[in-house]
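Report on the following structure.
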Amino acid sequence: METLPDGASSPTAGRYPASAAELDRRARALESLLVERGLVGTDTIDRIVEIYESDLGPLLGAQVIARAWLDPAFKQRLLTDATAACAELGIGGLQGESLVCVENTASVHNVMVCTLCSCYPWPVLGIPPAFYKSQEYRARMVVEPRRVLAEDFELVVPEDVEIRVYDVTAEERYFVLPQRPAGTEGMTEAELAALVTRDSMIGVALAASPPRSSA
Ligand code: FE
Numbered sequence: 003m004e005t006l007p008d009g010a011s012s013p014t015a016g017r018y019p020a021s022a023a024e025l026d027r028r029a030r031a032l033e034s035l036l037v038e039r040g041l042v043g044t045d046t047i048d049r050i051v052e053i054y055e056s057d058l059g060p061l062l063g064a065q066v067i068a069r070a071w072l073d074p075a076f077k078q079r080l081l082t083d084a085t086a087a088c089a090e091l092g093i094g095g096l097q098g099e100s101l102v103c104v105e106n107t108a109s110v111h112n113v114m115v116c117t118l119c120s121c122y123p124w125p126v127l128g129i130p131p132a133f134y135k136s137q138e139y140r141a142r143m144v145v146e147p148r149r150v151l152a153e154d155f156e157l158v159v160p161e162d163v164e165i166r167v168y169d170v171t172a173e174e175r176y177f178v179l180p181q182r183p184a185g186t187e188g189m190t191e192a193e194l195a196a197l198v199t200r201d202s203m204i205g206v207a208l209a210a211s212p213p214r215s216s217a
């Protein structure tokens, strides 16, 4: 039986903070060097961060997933050629030239990792979270995914469900089509999109359950 950590405010709290702080220091050092040498301006960096925090990012991915849940033909196109399907919704560009969407089912759970660095489908998911870039996640997810999901993300995948780990590269930028949660019949695309979290598209979480009606 798998045991879960308790007392953590978020599933990853306490597990990755050291590497996150280290990544933060490294990024800041790199940024000051680039600025100091006149290679890039701070406003350029701020603008790029802003673009990926508000204009792009997980909200766009959530739209794609909600559309796939509602429209079987779109879902088929998404699973066949995610780059083209996302382009139908005006989503694509930098770091998203070759998107690949993999579907979670009752018998398969998919999760993504970049073992080499932090390749990520930016146009649909935005900027990769700190845990995704951590050495620990990258090393352990390929070796013991079931345990990492349970211990670090409080996601216990039933033993009879196969876990497939996708190594994201510059050539193939995977993201996950999570299973549509129960009790979402009749929900609009926008309501469905609100249930699709970034983590559910990485595969370290399920899509959220709908809020319970007070009626
Ligand atoms: Fe990479």
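The numbering used here puts the first residue of the sequence shown at 3, with every later residue one more than the last.
Glycine is no exception: its CB is placed at the ideal position from the N, C-alpha and C atoms.
Out of Ala75, Glu38, Leu62 and Leu194, the CA that lies nearest to the CA of leucine 127 is found in Leu62. DSSP places cysteine 119 outside both helix and strand once states are collapsed to three, so it counts as coil. Here arginine 149 is exposed: its Cβ has fewer than 16 other Cβ atoms, across all protein chains shown, within 10 Å. Collapsing the DSSP output to three states places isoleucine 129 in coil. Residue Glu173 holds the alpha-carbon nearest to the alpha-carbon of serine 120 among Ala86, Glu193, Gly43 and Glu173. For arginine 175, there is no enclosing alpha helix (DSSP H); the enclosing beta strand (DSSP E) covers residues 175–179. In this structure, the ligand FE has no non-hydrogen atom nearer than 6 Å to the beta-carbon of leucine 96.
Of the candidates Glu24, Thr46, His111 and Ala75, the residue whose Cα lies closest to the Cα of valine 206 is His111. Assigned with DSSP and collapsed to three states, valine 104 falls in strand. For glutamate 52, no beta strand (DSSP E) segment is defined; the enclosing uninterrupted segment is the alpha helix (DSSP H) at 44–52.
Counting of Cβ neighbours within 10 angstroms places isoleucine 67 among the buried residues, the total reaching 16 or more. With contact defined as three or more Cβ pairs closer than 8 Å, the segment 180–198 and the segment 94–103 are not in contact. For proline 123, the closest C-alpha among the options Met203, Leu35 and Glu164 is that of Met203. Excluding the 5 residues flanking it on each side, isoleucine 47 has same chain C-beta neighbours closer than 7 Å at Glu33, in chain order. For proline 125, the CB contacts under 6 Å within the same chain, skipping 5 residues up- and downstream, are Leu58, Ile93, Gly94, Gly95 and Gly98 in chain order. By the C-beta density criterion, aspartate 201 is buried, having at least 16 other C-beta atoms within 10 angstroms.
The three-state reading of DSSP puts isoleucine 93 in coil, since its state is none of H, G, I, E or B. Under the DSSP assignment, valine 167 falls in the beta strand (DSSP E) whose first and last residues are 164–169.
When DSSP states are grouped into helix, strand and coil, valine 110 belongs to the strand group.
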